[in-house]
Amino acid sequence: MNHEDRSPPFFRAIGRGGCACGRHASVADHERATAPEGRPDTLTRSREAIESAVLRALFPRAAPRRRFLQAVGRTTALAAIGSVLPIATLQAALADDKLGTLEKRELNVGFLPITCATPLIVADNQGYWAKQGLAVSLQKVGGWALVRDRMLNRELDASHMLAPMPLAISLGAGSQPQPARVATIQNVNGQAIVLALRHKDNRDPRNWKGFRFAIPFDYSMHNFLLRYYLAEHGIDPDRDVQLRVTPPAEMIANLRAGNIDGFLGPDPFNQRAVFDEVGFIHILSKDIWDGHPCCAFSVSQNFIQQNPNSFAALYRGTLEAAASARDSANRMPLAKMLAAPGYLNQPEIVIRQVLTGTFADGLGHVQRVANRCDFEPLPWYSMAIWMMTQMKRWGYIKGDIDYQALAHQVFLLTDASNAMRQLGEHVPDAARGSGFRPITVMDRTFDAAHPDEYLNGFSIKRT
């Protein structure tokens, strides 16, 4: 996608006011005057990466760095630093060496227009991938089956996926088996059970026999969490209700038309149902499992093996974008960015309610839930194992499973932890150990070390 401004947000925040060397009126003029033919974008990105790295090294804390730059101006600051540090030499070295090591610079990355895609949209819009020397085409895809097929056909180098999809693809569930990897979790929480307004007085799930629910895909946390919630209330999701796979963008229309009684879908469509006055939020998914994964950033094992440096660059840019999205101070401007037609194409107020956690629930109340949606990137092994128990519980996979081996193979927790530490981001100690994060779903504790015992404890299941 083309955007008017792809410079790092740090430099945009302090204003342009000329180029880094101080001899040109703008970055664009500097680019035209100094860049070799055919390489302006790459050189601009390398300069910005070096300038940002030097400033962050001199001023590790954001507030002092910002005060310094506001006091003296960007051009003066860089000129002063350049008098004692060889910024130009470092920039040249980066252009000639680091960027040259990338096996593939032009990448196709897929996403679906839902809030879960926020880290990828931030990486695209704010230039985090560009800083790494990558030219990424962020491509909007129409559905999850199409994402899977385009990844299997290698039309996409990486893509936004539902968190269980790489596990299913690796196992050959629903498709031909192919080694798929979860580089990061894109978001946690960010789902809800929405019911049609006619059910305002029917909030007890035990009374929902005969209901028709929409879910976005079979291999989705939406499906597994809805099934779990229904079963805990004595409703067999395969016998007592209908579950219909429906694209998220079509859930609102189906709810309005009376084709479904409700859905468990991704944001912002849960909030959009309230905005359009066709539904209400019965329960947030965080109240089923607080901190559950929703979507993931996936790559194929083949891409990693053939393009290790490009993968590392993609990793760094994505993790930096996720850190930016996690910052609550960025949520308001993020809502405006995400609302654009090229991204989510939704009313800004709807996205703002999702991101800030201050929202109307459709029942006449305004709720304040700060962690309604968050962007924690670590792909914990325990998350993968829980998903596999539910895939087995409902008959999506048969036979014995080596839960631990598959979790370690598909979820790249070690890689994500190492990359985050290199970027100076906090990594919990457990990520270096077992890779298990405590999980409690509707007051039932999950022990990732004994998944079959957990699975056998359910009375409603297909196995």
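For the sequence shown, the positions run 61 to 523 when this note's numbering is used.
Backbone N, C-alpha and C fix where the C-beta goes; we use that ideal spot for every residue, glycine too.
For residue i, the three-state DSSP class (helix, strand or coil)
i    : result
I457 : coil
P326 : strand
N362 : helix
S302 : Here residue 302 is Gln; the residue named in the question, Ser, does not match the sequence. Here Q302 sits in strand by DSSP.
F518 : coil
R272 : strand
L344 : strand
N319 : coil
I295 : coil
F277 : coil
N168 : strand
I445 : helix
S230 : helix
M451 : helix
S235 : coil
K200 : strand
F284 : helix
F335 : helix
G214 : It should be pointed out that residue 214 corresponds to Arg in this sequence rather than to Gly. The answer is coil: DSSP assigns R214 none of H, G, I, E or B.
A195 : strand
R481 : helix
L438 : coil
P491 : The sequence given here has Ala at residue 491, not Pro. Of the three classes helix, strand and coil, the one that applies to A491 here is helix, per DSSP.
L162 : coil
L423 : coil
A476 : helix
L255 : strand
Opening and closing residue of the beta strand (DSSP E) in which residue i lies
i    : result
Q427 : V426 to R428
A243 : A240 to N249
H220 : A218 to L222
R263 : Where R263 is concerned, there is no enclosing beta strand (DSSP E), given that its DSSP letter is neither H nor E.
R504 : R504 to F506
Whole-angstrom distance between residue j and residue i, CA atom to CA atom
i    : j    : result
G187 : L466 : 34 Å
P393 : D434 : 15 Å
R92  : A195 : Because the pLDDT at R92 is just 45, under 50, the model does not fix this residue reliably, and the point stays unresolved.
A218 : D327 : 22 Å
I411 : F471 : 29 Å
V586 : Q406 : Because the chain in this structure spans residues 61 to 523, residue 586 falls outside the shown range and cannot be described.
C176 : D512 : 30 Å
P173 : Q361 : 25 Å
A233 : D264 : 34 Å
I461 : G270 : 33 Å
Q251 : N516 : 27 Å
N249 : L483 : 25 Å
D296 : T505 : 21 Å
L198 : L222 : 17 Å
S519 : S384 : 43 Å
E215 : P368 : 18 Å
S106 : N247 : In this prediction, S106 has a pLDDT of 47, which is less than 50 and means its spatial position is unreliable; what the coordinates show is noted afterwards. If you take the alpha carbons of S106 and N247, they lie about 29 Å apart.
Range of the contiguous alpha helix (DSSP H) that encloses residue i
i    : result
T378 : P368 to R386
I174 : Counting along the chain, I174 falls outside any alpha helix (DSSP H), and DSSP gives it neither H nor E.
A420 : Run containing A420: none in the alpha helix (DSSP H); it sits in the beta strand (DSSP E), T418 to A420.
V470 : Y463 to V470
L394 : R391 to A399
Close beta carbons around residue i, own chain, < 6 Å, minus the five adjacent residues each side
i    : result
I364 : F371
W189 : A183, V196 and G377
K521 : R453
S477 : V487 and A491
G203 : P307
Q192 : A373, R376 and G377
W349 : V501
L423 : F340
A381 : P179, V182, A183 and Y188
V429 : G417
Sequence-distant residues of its chain with Cβ nearer than 8 Å to residue i (five each side left out)
i    : result
M397 : I181, V182, N185 and Y403
P237 : I229, S230 and L231
Within-9 Å CB hit, residue i to chain D
i    : result
D460 : Looking at the structure shown, chain D is missing, and only one protein chain is on hand.
Beta-carbon proximity list for residue i, same chain, < 7 Å, skipping 5 on both sides
i    : result
D261 : none
V414 : T175, D327, P328, Q331, R432 and C433
P226 : A240, R241, V242, A356, S358 and V470
Y463 : I445, M448 and P511
L255 : D321, G322, G339, F340 and H342
Query raised in the report: Below 8 Å, can you find three or more Cβ-Cβ pairs linking the segment 269–276 to the segment 303–320?
Result: Touching, per the Cβ criterion.
Query raised in the report: Looking at C-beta atoms only, is the number of pairs between the segment 438–447 and the segment 195–209 that lie closer than 8 Å three or more?
Result: no
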